[in-house]
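Numbering (numbering that gives the first Met the number 0), first residue to last: 0 to 340.
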Amino acid sequence: MAASYGKIGVLLINLGTPDTPETPDVRKYLREFLMDKRVIDIPALQRYFLINGIIAPFRAPKSAKVYKQLWDERGSPLLYYGHDLRDLLQKELGDGYYVALGMRYQSPSIKSALEELREQQVERIIVLPLYPQYASASTGTSHDMVMEIVKDWWIVPSINFISTFCDDPLFIKAFAEIGRKHLEARKYDHVVFSYHGLPERHILKGSTRNYCKLGTCCNTYHKLNRYCYRAQCFETSRLLAKELGLAEDQYTVAFQSRLGKDPWLKPYTDEILKDLPAKGIKNVLAYSPAFVADCLETTIEVGQEFKELFEQAGGEHWQLVESLNTHPLWVEAVKQMVLRN
0 MAASYGKIGV LLINLGTPDT PETPDVRKYL REFLMDKRVI DIPALQRYFL INGIIAPFRA
60 PKSAKVYKQL WDERGSPLLY YGHDLRDLLQ KELGDGYYVA LGMRYQSPSI KSALEELREQ
120 QVERIIVLPL YPQYASASTG TSHDMVMEIV KDWWIVPSIN FISTFCDDPL FIKAFAEIGR
180 KHLEARKYDH VVFSYHGLPE RHILKGSTRN YCKLGTCCNT YHKLNRYCYR AQCFETSRLL
240 AKELGLAEDQ YTVAFQSRLG KDPWLKPYTD EILKDLPAKG IKNVLAYSPA FVADCLETTI
300 EVGQEFKELF EQAGGEHWQL VESLNTHPLW VEAVKQMVLR N
């Protein structure tokens with residue numbers, strides 16, 4: 000229950016989106032995103048020339064075309080579902096709380112959201128990055144930015160950081176409920192849980208006591224791999240499979256969206272889906288449990304591009320499970336996470 004002497008601030012954070020799907024705005028977004036040292040962890044000068052000289056100039060026009068497919072009458076789904084979640088959570092929490100939304104890259108910025116909370120003179124701040132599984136390139140950089148901003152405040156209130164909710168029961172229930180409607184409407188041969196990929200070196204850099212071997216070490220989830228992104232992806236998948244009543248041979252965990260030539264987490268979604276039809280798996284239900292709102296990586300990459308690859312390989316039906324967006328159980332999950340903290 001909120002203290003009577005002041006409000007509790009809640010800062011919801013998501014990755015961000017270009018201001019418009021036009022090439023200049025997409026290029027601006029890519030530059031800010033990819034210049035982050037936690038995203039591309041190479042020396043600063045090398046990163047600068049790679050991003051500004053190669054990736055942003057050549058990738059922006061292609062990405063802009065894809066963003067135009069994603070945009071609708073309300074704009075970017077990741078942004079407007081963020082605003083919707085903020086408003087619904089504010090209503091659920093009531094007057095003892097003040098909820099703000101900030102994007103790690105572009106608008107609304109984390110700085111502007113923190114200023115909102117400071118103007119409200121909140122007693123404490125609960126920071127909740129909307130990434131179910133912890134990664135330095137998502138949750139870590141969001142926490143990093145918050146700390147970078149508040150270090151210059153004269154008065155710094157108590158701040159609670161929520162780092163992961165990969166195994167949160169209501170988060171799992173909400174995603175399972177959305178997928179269950181598809182399973183009830185049609186018979187599926189297999190379920191694919193596709194997560195955003197990371198370079199393998201990111202996983203190894205965060206390994207506790209050199210525990211990580213990028214193998215069976217993720218078969219169970221415990222204190223030594225609690226903040227391992229790969230382990231959390233497998234744990235989310237196990238819990239979702241259990242909630243959906245799936246046996247181990249009825250689902251596959253894979254990773255998408257790799258960039259560059261360095262090894263990323265395997266197996267790669269775009270490669271495994273091509274082999275499924277030859278195994279007699281012609282109808283697939285696809286989840287993207289690393290994302291809580293519709294975005295480029297879900298709607299376009301998993302929902303459209305992977306569907307085309309699957310059908311070209313001989314598959315008959317590929318169905319994307321929608322993101323949590325503003326599902327009532329998801330709103331309740333966020334509310335309970337805030338109250339627990």
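Glycine included, each C-beta is placed from N, C-alpha and C at the ideal position.
Pairwise C-alpha distance: residue j and residue i
i, j, result
"Tyr80", "Leu127", "15 Å"
"Ala292", "Trp153", "35 Å"
"Asp151", "Ser111", "14 Å"
"Phe57", "Thr138", "28 Å"
"Ser322", "Gln45", "36 Å"
"Ser106", "Asp248", "42 Å"
"Arg185", "Leu245", "15 Å"
"Ala1", "Gln335", "Low confidence applies to Ala1: its pLDDT is 46, below 50, so where it sits in the model is not reliable, and the reading given next is rough at best. When rounded, the distance between both Cα atoms is 13 Å."
"Phe254", "Gln119", "41 Å"
"Cys217", "Lys273", "25 Å"
"Ala312", "Thr215", "30 Å"
"Ala175", "Thr251", "16 Å"
"Arg103", "Leu223", "28 Å"
"Lys64", "His221", "42 Å"
"Glu300", "Glu310", "14 Å"
"Lys172", "Glu91", "19 Å"
"Glu304", "Lys67", "15 Å"
"Leu197", "Val121", "36 Å"
"Cys165", "Pro131", "5 Å"
"Lys306", "Lys278", "17 Å"
"Glu31", "Glu183", "43 Å"
"Leu11", "Tyr133", "15 Å"
"Gly259", "Leu275", "25 Å"
"Ala285", "Ala55", "30 Å"
"Trp341", "Gly93", "One cannot answer for residue 341 here, as it falls past the ends of the chain, which runs 0 to 340."
"Met146", "Leu213", "31 Å"
"Ile124", "His181", "38 Å"
Residue range of the alpha helix (DSSP H) that includes residue i
i, result
"Pro76", "76-92"
"Pro42", "Here Pro42 belongs to no alpha helix (DSSP H), and DSSP marks it neither H nor E."
"Pro60", "55-69"
"Gln318", "Not the alpha helix (DSSP H): Gln318 falls in the beta strand (DSSP E), residues 316-319."
"Val333", "327-339"
"Leu272", "268-274"
"Arg123", "Arg123 -> not in any alpha helix (DSSP H); beta strand (DSSP E) instead, spanning 123-128."
"Ser111", "109-118"
"Ala33", "Position check: residue 33 holds Leu in this sequence, whereas Ala was assumed. Taken as a continuous stretch (DSSP letters only), the alpha helix (DSSP H) holding Leu33 covers 22-33."
"Lys306", "305-311"
Residue i - containing beta strand (DSSP E), residue span
i, result
"Met102", "96-104"
"Gln255", "250-255"
"Ile12", "7-15"
"Leu203", "Segment 199-204 is the alpha helix (DSSP H) holding Leu203; no beta strand (DSSP E) there."
"Leu284", "282-286"
"Phe360", "Nothing can be reported for residue 360: it is not among the residues displayed for the chain, which extend from 0 to 340."
CB of residue i within 8 Å of CB of residue j, strictly
i, j, result
"Ser161", "Asn340", "The displayed chain sequence assigns Ile, not Ser, to residue 161. Contact flag set, yes."
"Gly178", "Val320", "yes"
"Thr235", "Pro288", "yes"
"Ser157", "His201", "no"
"Gly74", "Lys6", "no"
"Gly302", "Lys281", "no"
"Pro20", "Tyr28", "no"
"Met34", "Ile50", "yes"
"Leu88", "Val333", "yes"
"Asp83", "Thr298", "no"
"Val38", "His189", "no"
Discussion item. If contact is defined by three or more beta carbon pairs under 8 Å, each pair taking one atom from either stretch, is the region 190-207 in contact with the region 258-273?
Written reply: yes
Worksheet item: Three or more C-beta pairs closer than 8 Å, one from the region 114-131 and one from the region 92-106: is that the case here?
Response: yes
Worksheet item: Do the region 130-144 and the region 15-30 touch if we need at least three Cβ pairs shorter than 8 Å?
Response: no
Worksheet entry | Whole beta strand (DSSP E) elements within the region 126-175, 3-residue minimum | 157-160
Fill in: Contiguous beta strand (DSSP E) assignments of at least 3 residues, all confined to the region 216-265
250-255
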